[in-house]
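Each step along the sequence shown adds one to the number in the UniProt record's numbering, with nothing skipped, and position 309 is 309. Right, one structure below, let's go through it.
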Amino acid sequence: MASLLPLRVPKPSSLTRAAAAAASSPPSTAALRPPPPEALEQQFGRKGIKFADHGGVPTVELTVRNGSSLTLQVPDGLVTSYRPKVYWRDDSFEEVLHTVAAPPASGGGGPAIKGGVGLVLNDISKADGSPWSASCWTVKDVDSDSIDAVQVELSCKDSASSLEITYVVSLYPLSMATAVLVKNKGSEPVKLTSAMLSHLKSRSRRGSAVRGLTGCSYAAHPPPASAFGLISPAEAVEQEAGGGGLAELLGSVFSGGGGDGAGGRGSWKVEDNVYTVLKGKLSRVYAAPPAERLKRIYSTPPSKYETIDQGSGLGFRVIRMGYEDIYLASPGDSSHKHGEDYFICTGPASMLVPVLVNPGQVWKGAQVIEHDNL
Numbered sequence: 001m002a003s004l005l006p007l008r009v010p011k012p013s014s015l016t017r018a019a020a021a022a023a024s025s026p027p028s029t030a031a032l033r034p035p036p037p038e039a040l041e042q043q044f045g046r047k048g049i050k051f052a053d054h055g056g057v058p059t060v061e062l063t064v065r066n067g068s069s070l071t072l073q074v075p076d077g078l079v080t081s082y083r084p085k086v087y088w089r090d091d092s093f094e095e096v097l098h099t100v101a102a103p104p105a106s107g108g109g110g111p112a113i114k115g116g117v118g119l120v121l122n123d124i125s126k127a128d129g130s131p132w133s134a135s136c137w138t139v140k141d142v143d144s145d146s147i148d149a150v151q152v153e154l155s156c157k158d159s160a161s162s163l164e165i166t167y168v169v170s171l172y173p174l175s176m177a178t179a180v181l182v183k184n185k186g187s188e189p190v191k192l193t194s195a196m197l198s199h200l201k202s203r204s205r206r207g208s209a210v211r212g213l214t215g216c217s218y219a220a221h222p223p224p225a226s227a228f229g230l231i232s233p234a235e236a237v238e239q240e241a242g243g244g245g246l247a248e249l250l251g252s253v254f255s256g257g258g259g260d261g262a263g264g265r266g267s268w269k270v271e272d273n274v275y276t277v278l279k280g281k282l283s284r285v286y287a288a289p290p291a292e293r294l295k296r297i298y299s300t301p302p303s304k305y306e307t308i309d310q311g312s313g314l315g316f317r318v319i320r321m322g323y324e325d326i327y328l329a330s331p332g333d334s335s336h337k338h339g340e341d342y343f344i345c346t347g348p349a350s351m352l353v354p355v356l357v358n359p360g361q362v363w364k365g366a367q368v369i370e371h372d373n374l
């Protein structure tokens, strides 16, 4: 986490507290009802941190001195808006995230918004094969460094209270960050899969690209299933693998094979383009193949890469920490099914090889989205 310091992230005192302290919530967080926004505002509100009700959902808006802002839904931990200052003129803020309204799931559950920036975290340790997913969050703490950095800590526990999870969302003048800390308080090791997926707007489909992945191995791969994701795993498999089955695709990936939107299934490929163009349908994982990770020395994906939107002229760096993989997807012709704007979906992930967290250990993962458009 030391690599965060050059990005002017405040000292991680609150992160240390979050990893060391036990949450006071009862074992079954799924049954908890979040406090009303008024109560959250009274307890946690301060300059730059304001709680409110948006469509019956408790939300918190973070704002820093230069006017950059971020909106976070408390119950599902979904970042629905990020508006950084990107120009010097007065009207200088640009919405970065792509979101669409979504009907609630049957029974009234599920988010009313899809897209944005969200965390996927699954415990896949159970012998019966049914994973537990972090999904019901409560506000644990807030912190600020003057008015140039603000953050909110959310907490969640599994049904057995063996996993203590803290999700920290931070805002700075030129960046936003999301970090997750998982502490295993149980007596058995746990295996986790996780991803931080960001749906980023693009004004120009033909001008959408990513730079910085040259020389990295990749293969076709669906995104992890989530309540907020716009591109479903089934849709992604159809896009990248030409309509083949999910089991066949995953079997190819894990055995050392893979797929590509241009060449179909085959061996893992290496990105040889300076710019990865995202105007077509694409769903990939950039990572060291699982077989390579058995070697003493192997190549890993870059710790940062840059998104490009020629339509707006803006670019954003995506920085990963703690995660082993990078997920990257674009909807291509099917973008109209997910709103009027074009978008890409990307972020750090650990999908191919689960993260092992032994009893008493803490695993940390983080993503930073920053820019220097000013």
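For every residue, glycine included, the Cβ atom is placed at its ideal position computed from N, Cα and C. Keep in mind that this is a model prediction, so the values were computed, not measured.
Opening and closing residue of the beta strand (DSSP E) in which residue i lies
i	result
GLU164	163–172
GLY347	342–357
LEU195	Correcting the residue identity first, residue 195 is Ala in this sequence and not Leu. First-last of the beta strand (DSSP E) with ALA195: 190–202.
GLU95	Where GLU95 is concerned, there is no enclosing beta strand (DSSP E), given that its DSSP letter is neither H nor E.
THR300	That residue, THR300, is in no beta strand (DSSP E); it is neither H nor E in DSSP.
ASP145	138–145
SER155	149–157
Given residue i as reference, the closest of the options once Cα atoms are compared
i	options	result
LEU192	HIS336, ALA209 and LYS183	LYS183
GLN151	ALA160, CYS136, SER161 and TYR167	TYR167
TYR305	VAL270, PRO348, GLY322 and PRO103	PRO348
TYR172	THR214, LEU121, ILE147 and THR307	ILE147
residue 430	LEU163, SER144, ARG296 and GLY55	Coverage of the chain is limited to positions 1 through 374, which leaves residue 430 absent and any answer about it impossible.
GLY322	ASP272, ALA195 and SER155	ALA195
Element boundaries [alpha helix (DSSP H), containing residue i]
i	result
GLU38	37–44
Identity of the residues DSSP links to residue i by a beta bridge
i	result
LYS183	GLU164 and VAL362
GLY118	LEU197
ILE49	ARG46 and LEU62
LEU213	LEU213 pairs with nothing; no bridge assigned.
ARG83	SER69
ALA329	SER283 and CYS345
VAL57	HIS54
LEU314	ASP309
SER133	ASN122
Assigned exposure category for residue i - 16 Cβ within 10 Å defines buried
i	result
GLU340	exposed
SER14	Legend: pLDDT at SER14 = 40, less than 50; position of this residue unreliable, value from coordinates given subsequently. Flag for SER14 reads buried.
residue 381	Past the boundaries of the shown model lies residue 381; the chain is included only from 1 to 374, so the question cannot be answered.
TYR298	exposed
ALA234	exposed
ALA329	buried
residue 383	A question about residue 383 goes unanswered here, because the residues of the chain that appear run from 1 up to 374.
ALA127	exposed
PRO223	buried
GLU38	exposed
LYS47	exposed
PRO189	exposed
Cβ contact check for the segment 60–73 and the segment 287–297: 3 or more pairs under 8 Å: no
Segment contact, 8 Å Cβ cut-off, at least three pairs: the segment 90–99 with the segment 198–211: yes
The segment 278–287 contacting the segment 342–359, beta-carbon criterion three pairs below 8 Å: yes
Sufficient close CB pairs (3 or more, under 8 Å) joining the segment 365–374 to the segment 313–326: yes
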